[in-house]
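Asks: Residues in the sequence shown are numbered from 9 upward in steps of one, following my numbering. Every residue gets a Cβ at the ideal spot worked out from N, C-alpha and C, and that includes glycine. Computed from a predicted structure; not experimentally measured. The structure under discussion is supplied below as structure tokens; questions concerning it will follow.
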Amino acid sequence: MKKTVQLLFLLIIVTLAGCYIPSHKEKTDEPQGLDYTIVSRTPHCNKKYFKVTIDSSIHFLNIRLNLKAMKDLPFPIFEKEKDTLCLTAFNFDFYCNNKIIASDFNKTQETQHSNNYLRIVRDSLQFVSDTLELVSDNEIIYQIPFYAFHNLKKGKQTIELHIWQDTFKGYAHDSIYQHERFRHCNYANKRLFDTKIKFDIEVPTIYKSTVIGYGLQLKNDSTFSPVGMDNTIWNSSYPDIYWTLRYPYYSFYAQTDYEKSTDRYEGSDTFELYHYYLKDSIGIEVYDHDGLSKDDAMGYWTGSMDFLRREPRRRFSFGNIAWFDINIGKPKVVN
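Set out below in structure tokens:
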């Protein structure tokens, strides 16, 4: 009997071990460093000042540029005002097969009202950093979802990244012209940093589905009332409503315009959603915009896209949203 119990216990352990499946996050979400080859660089793109790091996870390509303080750099000088021009911005241009990569990614990113880090080119993978003070340490980070490469074929692709700058500016200062005071900056063209690097990525299968939002209505009952949500020293009014699409469900994808002082959002919004799986999940969040403080979330939903693939539309409720109307079309492979 004792041997039978021991054998049964051993079989249970083996069975459980065989059934264990690591989660997606355990297997693939930890960033993995990517090696790259330097194709060309100017002398100042060296380890003393300039370090590029690239890694990737299941959904994102991460580009990091670390810049050490450069007090001994040959900055241009505006002699008339003894102004050392040490401010500049860096361009990040992505190429494949010697062509700039066309993408819809920036079109959706620019819908984000609070977006203050992406200075972009709408139809391609090109970014411009904020203006940086190079006499201090700086770090630039871009997290780019792999669906941004939707115009590249599935599989291994060689990417060339061109990082460069060509303009310096000085600090804003006051000047007087014809007895009037004004503020201005001095500028000079000078390219000190210019490098091209190559690396390989694995582009996944990418689908596209059309998402159409048909509007929403806030609750107005004993649990929630939109009346007076936007209180100021001047008046009290209804919220300024907008909603966001999140994909993956934890990451911003796109955002609608505001509809001011209302309990019902009546706009019709269409987004082209690029995603990785047929049976995928998204997030939807509804906000009240506040110009003086953080926007207030009024409802969040996450779930299967299949649930929202209903003709002519799916109506459902979540959070403080009485109803939300949406439809997602059939997915199509784009690469």
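Taking E89 as the reference, give the member of Y179, C53 and S245 with the closest Cα.
Replies: Y179
Asks: When you compare the CB positions of M313 and I336, do they come within less than 8 Å of one another, or not?
Replies: yes
Asks: Does S301 pass the burial test, meaning 16 or more other C-beta atoms within 10 Å, or should it be called exposed?
Replies: That one is exposed.
Asks: For the stretch 240-323, which segments carrying the beta strand (DSSP E) assignment without a break, of at least 3 residues, lie completely within its bounds, in sequence order?
Replies: 249-254, 260-263, 277-283, 289-296 and 304-312
Asks: Report, in whole angstroms, the separation of the C-beta atoms of D91 and N194, which I expect to be a contact under 8 Å.
Replies: 5 Å
Asks: Is it buried or exposed for R323, if we count other Cβ within 10 angstroms and need 16 for buried?
Replies: exposed
Asks: Taking the C-alpha atoms as reference points, what is the distance between Y284 and T203?
Replies: 32 Å
Asks: So, for G311: in the same chain, excluding its five sequence neighbours on each side, which residues have a beta-carbon less than 8 Å away from its beta-carbon?
Replies: S289 and I290
Asks: Residue range of the alpha helix (DSSP H) that Q117 falls in?
Replies: F113 to Q117
Asks: Going by beta carbon distance, what residues of the same chain come within less than 7 Å of N328, once the five residues before and after it are set aside?
Replies: L226, K227, F232, M306 and G307
Asks: Can you say whether L281 is buried or exposed, counting buried as having 16 or more other CB atoms within 10 angstroms of its CB?
Replies: buried
Asks: Which one of D174, G223, F58 and T45 has the shortest CA to CA distance from T278?
Replies: G223
Asks: Measuring alpha carbon to alpha carbon, tell me which residue in R254, D229 and D138 is nearest A262.
Replies: R254
Asks: Please state if the CB of I46 and the CB of I205 are separated by a distance shorter than 8 Å.
Replies: Yes, these two residues count as a Cβ contact at 8 Å.
Asks: Quick one: does the C-beta of A330 sit closer than 7 Å to a heavy atom of the ligand MG?
Replies: No copy of the ligand MG occurs in the structure displayed, which carries no ligand at all.
Asks: With a Cβ-Cβ cutoff of 8 Å, do Y150 and I71 count as a contact?
Replies: yes
Asks: Starting from the Cα of P256, find the closest Cα among F135, I152, L73 and I148 and give me that residue.
Replies: I152
Asks: My output table needs one value for A330: the three-state DSSP class, helix, strand or coil.
Replies: It is a strand residue.
Asks: Quick check: what's the CA-CA separation for K338 versus K79?
Replies: 56 Å
Asks: Locate the beta strand (DSSP E) running through S64, then write down its first and last residues.
Replies: F58 to S64
Asks: Any idea which residues DSSP pairs R49 with across the strands?
Replies: T203
Asks: When you compare each of T50, V342, K76 and A330 to D174 by their alpha carbons, which one comes out closest?
Replies: By alpha-carbon distance to D174, the top candidate from T50, V342, K76 and A330 is T50.
Asks: Check each candidate in L42, E293 and I108 and name the one with the smallest Cα separation from F68.
Replies: Selected option, being the one with the closest Cα: L42.
Asks: Just curious, the beta strand (DSSP E) that L73 is in, first and last residue?
Replies: F68 to L75
Asks: Can you tell me the Cβ-Cβ gap for L93 and P84, rounded? I've got them flagged as a contact below 8 Å.
Replies: Taking the Cβ atoms as the reference, L93 lies roughly 5 Å from P84, within the contact range of under 8 Å.
Asks: Under 8 Å Cβ to Cβ from R199, same chain only, skipping five residues before and after it: list those, please.
Replies: T50, W172, Q173 and D174
Asks: On the CB-based measure, 16 or more other CB atoms within 10 Å of its CB, does P247 come out buried or exposed?
Replies: With 16 or more Cβ atoms within 10 Å of its Cβ, P247 is classed as buried.
Asks: Tell me the rounded alpha-carbon separation between E293 and E267.
Replies: 15 Å
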